[in-house]
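K.L.:
Handing you this structure, nothing more for now.
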Amino acid sequence: VQLQASGGGLVQAGGSLKLSCATSGIIFRNNIMTWYRQAPGNQRELVATITTGGSPNYADSVKGRFTISRDNTKSTVYLQMNNLKPEDTAVYYCASTILGRSSPDYWGQGTQVTVSS
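Residues in the sequence shown are numbered from 214 upward in steps of one, following this note's numbering.
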């Protein structure tokens with residue numbers, strides 16, 4: 214199983230980035246996909262999740278700025294991040310959860326997002 218996150222980088226406040234998480238070895242369409250992030254000194258927090266049916270859910274801190282989506286034909290989940298703020302700086306991780314399970318089964322390696330003020 215592999216979850217390969219990419220798309221992170223350095224961006225100025227107000228800018229945009231699009232993260233991708235390409236998966237292999239899982240039945241993607243049967244997995245809830247989630248983006249988490251962890252800033253230095255902070256606990257990992259849930260950013261956005263998307264159900265197998267494509268319904269999204271967001272942390273309050275990113276609502277209206279971030280959009281999660283999935284492409285089952287490519288076994289890939291995306292996170293479009295607009296109007297980025299310095300407090301969005303973190304390592305972003307994707308995770309997969311098999312439908313019916315309560316916590317992630319697999320994690321990606323993380324991609325660094327740094328937002329400068």
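For each residue, glycine too, the CB sits at the ideal point set by N, CA and C. Quantities reported herein were computed from a predicted structural model and do not represent experimental measurements.
Can you name, in chain order, every residue of its own chain whose Cβ lies under 6 angstroms from the Cβ of Leu216, other than the five neighbours on each side?
P.N.:
Cβ neighbours of Leu216 beyond the five flanking positions: Cys234, Thr236, Cys307, Tyr319 and Gly321.
K.L.:
Name, in chain order, the residues that DSSP records as bridge partners for Thr280.
P.N.:
Paired residue(s): Gln293.
K.L.:
Hey, how far is the Cα of Ile240 from the Cα of Ser282?
P.N.:
C-alpha separation (whole angstroms): 17 angstroms.
K.L.:
Note down the Cα distance separating Asp273 from Gly238, rounded to an integer number of angstroms.
P.N.:
Between Asp273 and Gly238, the C-alpha separation is close to 32 angstroms.
K.L.:
Following the continuous beta strand (DSSP E) through Lys231, name the residue where it begins and the one where it ends.
P.N.:
Here the beta strand (DSSP E) through Lys231 covers Leu230 to Ser237.
K.L.:
Suppose you measure from the CA of Ser219 to the CA of Thr262; what does that come to, to the nearest Å?
P.N.:
If I take the Cα positions, the gap works out to 17 angstroms.
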